[in-house]
Amino acid sequence: TDMLGMEPTWMKSEISEADWEEVSEGMSQAESQLELLQGAQVEVIGSETVKGIDCYVLQLTPDMGQLWQTVMQQTQVAGEEILPEVDEIFLEEVFRSFSVKQWVAKDTYFLTKAEIDMVMKLTPEALGFPEEEGEMTMNITMTLLAYDYNEPVSIELPPEAEEATGMESEAADTELANVQTAVIALMVDNELWELPNPVTVATNDMSAFPDTSICGIDKILDPDGNAYIAGQDKDGYYLYQHDITGDGTSTGLVNYVATRYTKGTYTVDAYGTVTQVTKGV
256 TDMLGMEPTW MKSEISEADW EEVSEGMSQA ESQLELLQGA QVEVIGSETV KGIDCYVLQL
316 TPDMGQLWQT VMQQTQVAGE EILPEVDEIF LEEVFRSFSV KQWVAKDTYF LTKAEIDMVM
376 KLTPEALGFP EEEGEMTMNI TMTLLAYDYN EPVSIELPPE AEEATGMESE AADTELANVQ
436 TAVIALMVDN ELWELPNPVT VATNDMSAFP DTSICGIDKI LDPDGNAYIA GQDKDGYYLY
496 QHDITGDGTS TGLVNYVATR YTKGTYTVDA YGTVTQVTKG V
């Protein structure tokens with residue numbers, strides 16, 4: 256990852272052979288340009304030579320829906336989407352202009368070059384924060400050169416890549432930070448200096464974490480969103496479905512974390528310090 260003003264960072268992730276084939280297909284730059292071509296209005300605007308190859312020059316007006324589908328395919332790793340699903344209304348608001356030129360070899364019809372120019376305008380309304388002020392305009396230009404089709408490739412790993420950070424490790428660290436932050440928020444909200452019965456046996460069940468005080472009844476939501484009493488008395492301070500009212504209804508249930516089960520397992524001491532026992536990745 257290389258971002259302006261920051262030192263480049265190398266990251267690594269273990270991936271199966273089957274997943275690698277799927278990712279490789281999805282990340283093919285030439286393939287994505289062909290998909291763009293198939294879903295666009297195309298005009299031949301001339302001929303030019305690129306790297307000694309005589310080419311047709313094409314001007315494309317892409318379909319924005321097809322464009323976003325192509326982008327989503329480019330941002331998948333082992334079947335997991337990195338970007339959220341976005342509707343066409345958002346695209347129309349953000350992408351103020353978008354143009355593509357392609358150079359296609361006359362003899363083989365292989366893509367030789369592509370240029371993409373776009374203007375994006377981010378406004379508070381488009382981002383879902385209409386009460387905020389200010390906006391940002393980005394002018395983006397990208398150039399792609401495609402050559403040596405079907406030729407073997409030799410890749411030499413840079414020395415700095417040997418110190419790459421594992422994506423799994425990053426995810427585990429993020430989850431630990433989220434759980435720790437949630438515990439602090441829960442203790443502040445409930446004015447706890449110490450947890451009466453901290454969790455000492457590692458668990459990933461946040462509906463019984465970080466405290467299992469015997470002080471009431473266990474409130475759990477049923478599929479319809481209604482609270483009901485379950486099991487024995489066990490109403491402590493929970494990160495997931497914590498009952499702030501103690502009335503046994505769904506009205507006062509609060510989630511300090513997004514899901515009941517974390518990937519890693521955790522313990523916590525009386526002062527709210529969380530320990531990640533297993534990463535679960």
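Quick note: the numbering used here has the sequence shown finishing at residue 536, numbered continuously throughout. All C-beta atoms in this analysis are idealised placements derived from N, C-alpha and C, irrespective of residue type, glycine included.
{"query": "Residue range of the unbroken beta strand (DSSP E) whose run includes residue 462", "result": "Neither: residue 462 is in no beta strand (DSSP E) and is coded neither H nor E."}
{"query": "Expected contact under 8 angstroms - CB spacing of residue 523 and residue 438 to nearest Å", "result": "6 angstroms"}
{"query": "Opening and closing residue of the beta strand (DSSP E) in which residue 394 lies", "result": "391-400"}
{"query": "For residue 516 and residue 353, the rounded distance between their alpha carbons", "result": "42 angstroms"}
{"query": "Residue 527, buried or exposed, once every other Cβ within 10 Å from all chains shown has been counted against 16", "result": "buried"}
{"query": "Residue 431 (DSSP reduced to helix, strand or coil)", "result": "helix"}
{"query": "Touch test, the segment 366-383 against the segment 393-403, Cβ-Cβ under 8 angstroms, three pairs minimum", "result": "yes"}
{"query": "Distance, residue 299 Cα to residue 401 Cα", "result": "19 angstroms"}
{"query": "Pairwise C-alpha distance: residue 368 and residue 493", "result": "56 angstroms"}
{"query": "Opening and closing residue of the beta strand (DSSP E) in which residue 365 lies", "result": "Looking at the DSSP string, residue 365 is not in any beta strand (DSSP E), and its letter there is neither H nor E."}
{"query": "Neighbour flag for residue 514 against chain B, beta carbons, 8 angstroms", "result": "This model lacks chain B altogether; it includes just one protein chain."}
{"query": "As assigned by DSSP and simplified to three states, the class of residue 305", "result": "strand"}
{"query": "For residue 317: DSSP bridge partner residues", "result": "295"}
{"query": "Supposed close pair residue 361, residue 311 - CB separation, criterion 8 angstroms", "result": "6 angstroms"}
{"query": "Selection from 427, 465, 418, 366 that minimises the alpha carbon distance to residue 440", "result": "465"}
{"query": "8 angstroms Cβ cutoff met for residue 358 and residue 276", "result": "no"}
{"query": "Contact check, residue 518 vs residue 430, beta carbons under 8 angstroms", "result": "yes"}
{"query": "Simplified DSSP assignment, three categories, for residue 519", "result": "strand"}
{"query": "Assigned secondary structure, residue 372 (DSSP; H/G/I helix, E/B strand, else coil)", "result": "strand"}
{"query": "Closest Cα partner of residue 510 within the set 521, 463, 392, 535", "result": "463"}
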